[in-house]
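Asks:
In this note's numbering, the protein residues as written are 923 to 1319.
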């Protein structure tokens, strides 16, 4: 049976990165105080949006500013990662063996591998707690299939475990070059909205591949409804009317949404992204952390209440036992007394002083034996005499 090995920490992840001088850098990394808790960045996005390349460029950018991140790879099906991973799921779970043993396809194998890894995620949390003073950011690269992590039980477990201990920010990487169509853009925004309400964490839309096309057209669509309607009028597909209606629904979603355009190839826009990340981390401490603490307290209270109810049922099953000490009352032994003493009452009674301690018990026992033996001999004699009378011949007439 395939089992998840304990997660191993790769210490080479804190070393220098080749080619760390990322283009488009410059300026220091905001909020890189040593005493602060690290900010966990969950990188999500559609397949082909450039998540892994984005993580590699952001890692190199942070290394160039002497602020190395703690990197975790959660994609078990990737052949190689272009960044040094401190923790790699491939060191814990063998993706191909999981597929062969359970007879699964590619997506099923990824889900099962992620579920096996989630059973050992408490050890990952221990690694993060030990290294939290050495890193400002924790980068988590997720599987290519976004639904595998977003809508699976293991993804929820990992997200909630991180969010309950560290500030967490979701980075939704979006392929800008493939979102020039209003319908495709609306599909991306609907998925981003669903992830926001699923994770309930600070959210940043990272419009990647700005080296191919500028992302300002998408920002205009989100900020000006009329501009989006003009672009949508050029669409002749049957879903254009649905898209027009959904754009009205997402106005409130756009109002509080953070949008940053970056290029994973050139590294442009990463400084602005880090500023938005720090702002989102402050929002987590201000709005999200109290909510998580409230939920944690409610869970602890519910667990305590359940334990008390179980104790009350146990006491009813065993019967009412007076646990208060009362020296003037008589000792009344209940079921619990029998369980706790296990015959100690007899031992204690033997140890107590008695008026019969001065009697010679050996003499008394010998006298009782003599009486019993005499009674036995008398009974046997009567039995033999009765038997002899029955066997004697009758007298002659």
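A virtual CB, placed ideally from N, CA and C, is assigned to each residue, including glycine.
#1: Our contact map puts residue 972 next to residue 1097 with C-beta atoms below 8 Å; I'd like the distance itself, whole angstroms only.
#2: Would DSSP call residue 1181 helix, strand or coil?
#3: Which two residues bound the contiguous alpha helix (DSSP H) that contains residue 1123?
#4: Could you give the distance in angstroms between the alpha-carbon of residue 1038 and the alpha-carbon of residue 1044?
#5: Can you give, in chain order, each stretch of the alpha helix (DSSP H) that sits fully within the region 969-1021 and has at least 4 residues?
#6: Determine whether the Cβ of residue 996 lies closer than 7 Å to any Cβ atom of chain C.
#7: Looking only at its chain, what residues have a beta carbon closer than 7 Å to the beta carbon of residue 1079, apart from the 5 residues adjacent to it on each side?
#8: Give the straight-line distance between the Cα atoms of residue 1137 and residue 1179, rounded to the nearest whole angstrom.
#9: Kindly indicate which residue of 964, 1235, 958 has the alpha-carbon position closest to the one of residue 1122.
#10: Which full runs of the beta strand (DSSP E) of 3+ residues lie inside the region 1157-1219, going along the chain?
#11: Helix, strand or coil: which one does DSSP assign to residue 1102?
#12: Decide if the region 994-1005 is in contact with the region 1082-1089; the criterion is three or more beta carbon pairs, one per stretch, under 8 Å apart.
#13: Pairs of beta-carbons, one from the region 978-994 and one from the region 1058-1068, closer than 8 Å: are there three or more?
#14: So residue 1129 and residue 1187 are in contact, right, with Cβ under 8 Å, and what is the actual spacing, rounded?
#15: With three or more beta-carbon pairs closer than 8 Å as the criterion, would you say the region 1139-1159 touches the region 1195-1206?
#16: Which partner residues does residue 1068 have in the DSSP bridge list?
#17: Alpha carbon to alpha carbon, how far is residue 1026 from residue 1020?
#18: Please report how far the alpha carbon of residue 1213 lies from the alpha carbon of residue 1206, in whole angstroms.
#19: Going by beta carbon distance, what residues of the same chain come within less than 8 Å of residue 1127, once the five residues before and after it are set aside?
#20: In three-state terms, what does DSSP make of residue 947?
#21: With a threshold of 8 Å on Cβ separation, who are the neighbours of residue 1051 within its own chain once the five nearest residues in sequence on each side are excluded?
#22: Which whole-angstrom value is the C-beta distance of residue 1157 and residue 1102, which I expect to be below 8 Å?
#23: Can you tell me where the beta strand (DSSP E) with residue 1088 in it begins and where it stops?
#24: So, residue 1142 versus residue 1185, is the Cβ gap smaller than 7 Å?
#25: Near residue 1004, what residues of its chain come up, given a Cβ to Cβ distance below 6 Å and the 5 sequence neighbours on each side ignored?
#26: Starting from the Cα of residue 1071, find the closest Cα among 1309, 1047, 1034 and give me that residue.
#27: Give me whichever residues DSSP pairs with residue 1130 in a beta bridge.
#28: Taking 7 Å as the cut-off, decide whether the C-beta atoms of residue 1135 and residue 1099 are in contact.
#29: For the candidate residues 1140, 1036, 1195, whose alpha-carbon lies nearest to that of residue 1092?
#30: Distance, Cα to Cα, residue 1116 vs residue 1174?
#31: Relative to the C-alpha of residue 1110, which residue among 1012, 1219, 1165, 1306 is closest?
#32: Between which two residues does the beta strand (DSSP E) harbouring residue 1063 extend?
#33: Are the CB atoms of residue 1064 and residue 966 within a distance shorter than 7 Å?
#34: Along the chain, where does the beta strand (DSSP E) containing residue 963 start, and where does it finish?
#35: Going by C-alpha to C-alpha distance, which of 1015, 996, 1018 sits closest to residue 1008?
#36: Per DSSP, residue 1092 is paired with what?
Replies: Walking through what the data contain:
#1: Within the chain shown, residue 972 is the residue found at index 50, counting from 1. Within the chain shown, residue 1097 is the residue found at index 175, counting from 1. That pair is a contact at about 7 Å.
#2: Indexing the chain shown from 1 puts residue 1181 at position 259. Note: residue 1181 maps to strand in three-state DSSP.
#3: As a position in the chain shown, residue 1123 is number 201, starting the count at 1. Counting along the chain, residue 1123 falls outside any alpha helix (DSSP H), and DSSP gives it neither H nor E.
#4: The count along the chain shown starts at 1 and reaches residue 1038 at position 116. The count along the chain shown starts at 1 and reaches residue 1044 at position 122. Each residue's alpha carbon lies about 12 Å from the other.
#5: Counting only runs of at least 4 residues, the region 969-1021 fully encloses the following alpha helix (DSSP H) elements, listed from N- to C-terminal order: 973-986.
#6: Absent here is chain C; the protein component of the structure consists of one chain.
#7: Reading the chain shown from its first residue, position 157 is the one you call residue 1079. Once the five neighbours on either side are set aside, the close Cβ partners of residue 1079 are 1040, 1043.
#8: Counting from one through the chain shown, the residue named residue 1137 turns up at place 215. Counting from one through the chain shown, the residue named residue 1179 turns up at place 257. Taking the straight line from one Cα to the other gives about 15 Å.
#9: In the chain shown, counting from the first residue as 1, residue 1122 sits at position 200. The option with the nearest alpha carbon to residue 1122 is 964.
#10: Here the runs fully enclosed are 1180-1183.
#11: Residue numbering aside, residue 1102 sits at position 180 when the chain shown is read from its first letter. Three-state result, residue 1102: coil.
#12: Result no; under three Cβ-Cβ pairs closer than 8 Å.
#13: Yes, the region 978-994 touches the region 1058-1068.
#14: Counted from its first residue, the chain shown places residue 1129 at position 207. Counted from its first residue, the chain shown places residue 1187 at position 265. About 14 Å separates the two Cβ atoms, so there is no contact after all.
#15: For the pair of segments examined, the region 1139-1159 was found not to touch the region 1195-1206: the number of CB pairs separated by less than 8 Å stays below three.
#16: In the chain shown, residue 1068 corresponds to position 146, counting from 1. Bridge partners of residue 1068: none, in fact.
#17: As a working mapping, residue 1026 is identified with position 104 in the chain shown. As a working mapping, residue 1020 is identified with position 98 in the chain shown. Those two C-alpha atoms are separated by around 8 Å.
#18: The count along the chain shown starts at 1 and reaches residue 1213 at position 291. The count along the chain shown starts at 1 and reaches residue 1206 at position 284. Roughly 10 Å separates the two Cα atoms.
#19: To locate residue 1127, count along the chain shown from 1; it is residue 205. Only 1094, 1096, 1114, 1179, 1180, 1181, 1182 meet the Cβ criterion.
#20: Walking along the chain shown from the start, residue 947 turns up at place 25. The predicted position of residue 947 is uncertain, since its pLDDT is 41 and thus under 50; a value taken from the coordinates is nonetheless stated next. Looking at residue 947 - three-state DSSP - the assignment turns out to be coil, as it is neither helix nor strand.
#21: Start at 1 with the first residue of the chain shown, and residue 1051 comes out as number 129. Hits under 8 Å: 1087.
#22: By 1-based counting over the chain shown, the position of residue 1157 is 235. By 1-based counting over the chain shown, the position of residue 1102 is 180. Rounded to whole angstroms, the Cβ separation of residue 1157 and residue 1102 is 12 Å, and the two are not in contact under 8 Å.
#23: As a working mapping, residue 1088 is identified with position 166 in the chain shown. Element bounds for residue 1088: n/a, residue is neither H nor E.
#24: One-based indexing of the chain shown puts residue 1142 at position 220. One-based indexing of the chain shown puts residue 1185 at position 263. No Cβ-Cβ contact shorter than 7 Å links residue 1142 with residue 1185.
#25: On the chain shown, position 82 is the one that residue 1004 refers to. The beta carbon of residue 1004 sits closer than 6 Å to those of 978, all from its chain and outside the five residues before and after it, given in chain order.
#26: Locating residue 1071 in the chain shown gives position 149, where the first residue counts as 1. Among 1309, 1047, 1034, the Cα nearest to that of residue 1071 is on 1034.
#27: On the chain shown, residue 1130 is found 208 positions in, with the first residue counted as 1. Bridge partners of residue 1130: 1097.
#28: Your numbering for residue 1135 matches position 213 in the chain shown. Your numbering for residue 1099 matches position 177 in the chain shown. Yes; because the gap between Cβ atoms is below 7 Å, this pair is in contact.
#29: Walking along the chain shown from the start, residue 1092 turns up at place 170. If we check each option's Cα against that of residue 1092, 1195 comes out closest.
#30: Here the question's residue 1116 lines up with position 194 in the chain shown. Here the question's residue 1174 lines up with position 252 in the chain shown. Approximately 14 Å between the Cα atoms of the pair.
#31: Locating residue 1110 in the chain shown gives position 188, where the first residue counts as 1. Answer by Cα proximity: 1165.
#32: One-based indexing of the chain shown puts residue 1063 at position 141. Annotation for residue 1063: the continuous beta strand (DSSP E) segment containing it runs 1059-1063.
#33: Numbered from 1 along the chain shown, position 44 holds the residue referred to as residue 966. Numbered from 1 along the chain shown, position 142 holds the residue referred to as residue 1064. Going by C-beta atoms, residue 966 is nearer than 7 Å to residue 1064.
#34: By one-based count along the chain shown, residue 963 stands at place 41. Its beta strand (DSSP E) spans residues 961-967.
#35: Position 86 of the chain shown, counting from 1, holds the residue named residue 1008. Closest option to residue 1008, Cα to Cα, is 996.
#36: To locate residue 1092, count along the chain shown from 1; it is residue 170. Partner(s): 964, 1125.
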